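Input: a single structure, listed below in structure tokens.
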Amino acid sequence: MKKIILTTAICLTQIATFSQGLHVTDDKLDKQVLAVSLNGPAMATVEMQKELLLDDAQYVQVTQLNQDRYEQLEKAADTFAQDPIQRSRAMRDINLENDKALRQVLTQTQLRYFLELEGRQNARFVTENDK
-1 MKKIILTTAI CLTQIATFSQ GLHVTDDKLD KQVLAVSLNG PAMATVEMQK
49 ELLLDDAQYV QVTQLNQDRY EQLEKAADTF AQDPIQRSRA MRDINLENDK
99 ALRQVLTQTQ LRYFLELEGR QNARFVTEND K
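Each residue of the sequence shown is one higher than the last, beginning at -1 in the numbering used here.
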């Protein structure tokens, strides 16, 4: 019994020690974004530039798409402030339309990675279910 407890304690200590050495992979990007005063669309564009390795043409198009998306999201939030269900639907539709527009700008790999970053890994939802 003592061996089991001792082994468990050693394993937990090693796991805790290992966890201390881990670091967030985008710390440098976070520091860059925090160091500069950026609004929502600009921050999203900078992050996409760094994470997706956009070329100059993609960067220009993504900048405009992000600006349009954030304006639409703000308008939807104001319009449906009293109806959270309708607001959620409007925001989902805005994001879906933005994803469809991004499909024309980004490569398939970049789009898939973007959706992972956004927490929407289901790329099939965007690429195969056109209205």
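Virtual Cβ for every residue (Gly too), placed ideally from N, Cα, C. Just so you know, these numbers come straight off a predicted model, no measurement behind them.
- Note on geometry: alpha-carbon atoms of L52 and A88 lie some 28 Å from one another.
- Between the region 86 to 100 and the region 36 to 45 there are fewer than three inter-stretch CB-CB distances shorter than 8 Å, so the stretches are not counted as touching.
- If you draw a 10 Å sphere on the C-beta of A74, you find 16 or more other C-beta atoms in it, and that means buried.
- E69 has its alpha-carbon roughly 18 Å from the corresponding atom of E116.
- With fewer than 16 other CB atoms across the displayed protein chains lying within 10 angstroms of its CB, M(-1) is exposed.
- In this structure, the alpha-carbon of R67 lies about 18 Å from that of Q108.
- Here L104 is actually not in contact with L71; their C-beta atoms are around 20 Å apart, not less than 8 Å.
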